[in-house]
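Chemist: Numbering (my numbering), first residue to last: 523 to 677.
My questions all concern the structure below.
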């Protein structure tokens with residue numbers, strides 16, 4: 523089910539936490555479909571130009587190639603790139619499986635064939651590490667491999 527962006531603000535938060543739907547939203551000069559899976563994706567509905575959007579406008583496209591996003595989270599930079607340079611190939615790296623699954627859903631929903639997310643972290647050596655996140659926050663944007671930074675669960 524696809525809703526208009528203006529309609530979603532009238533849905534109570536406790537109801538949103540139980541719903542899965544899509545919203546057509548304006549991102550710069552582009553219209554995209556934002557998947558909302560319970561509360562995941564709602565932040566994208568409040569998208570606006572930030573310092574990152576302005577940086578991408580100026581830097582991306584100077585040289586040919588792909589844009590690499592280390593720590594893709596839920597696709598905030600992907601949306602900024604789509605707003606400024608939708609023709610540029612995007613490769614995101616995201617070790618949090620909840621986040622990488624959501625970004626893949628965002629890519630698939632919008633048929634962004636030049637975009638991909640790889641569900642791994644980048645490091646200077648090949649190894650397995652634990653990813654610590656806040657309890658109850660499967661898409662914690664501050665996940666870390668440092669065990670004593672006040673994270674209570676392992677993803």
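A virtual CB, placed ideally from N, CA and C, is assigned to each residue, including glycine.
#1: I need the straight-line Cα distance from residue 584 to residue 606, nearest angstrom please.
#2: Of all the beta strand (DSSP E) runs that stay within the bounds of the region 538-609, which reach a length of 3 or more residues?
#3: I need the straight-line Cα distance from residue 640 to residue 626, nearest angstrom please.
#4: Assess contact between the region 597-617 and the region 634-649, defined as three or more Cβ pairs (one per stretch) separated by less than 8 Å. Is contact present?
#5: Which residues mark the beginning and the end of the beta strand (DSSP E) in which residue 623 is found?
#6: Give every residue of the same chain whose Cβ lies closer than 7 Å to the Cβ of residue 557, excluding the five residues on either side of it in the sequence, and list them in chain order.
#7: For a test of the three-state rule: what should DSSP assign to residue 640, helix, strand or coil?
#8: Return the bridge partner residues of residue 613 from the DSSP annotation.
Modeler: So, from the listed chains and residues:
#1: 13 Å
#2: 542-549, 552-559 and 589-592
#3: Residue 626 has its alpha-carbon roughly 9 Å from the corresponding atom of residue 640.
#4: With the cut-off at 8 Å, the region 597-617 and the region 634-649 touch.
#5: Careful: residue 623 lies outside any beta strand (DSSP E), inside the alpha helix (DSSP H) at 619-631.
#6: Sequence-distant Cβ neighbours of residue 557 in its own chain, meaning closer than 7 Å and more than five residues away, are 544, 563, 627, 628 and 631.
#7: DSSP places residue 640 in strand when its eight states are reduced to three.
#8: 590 and 638
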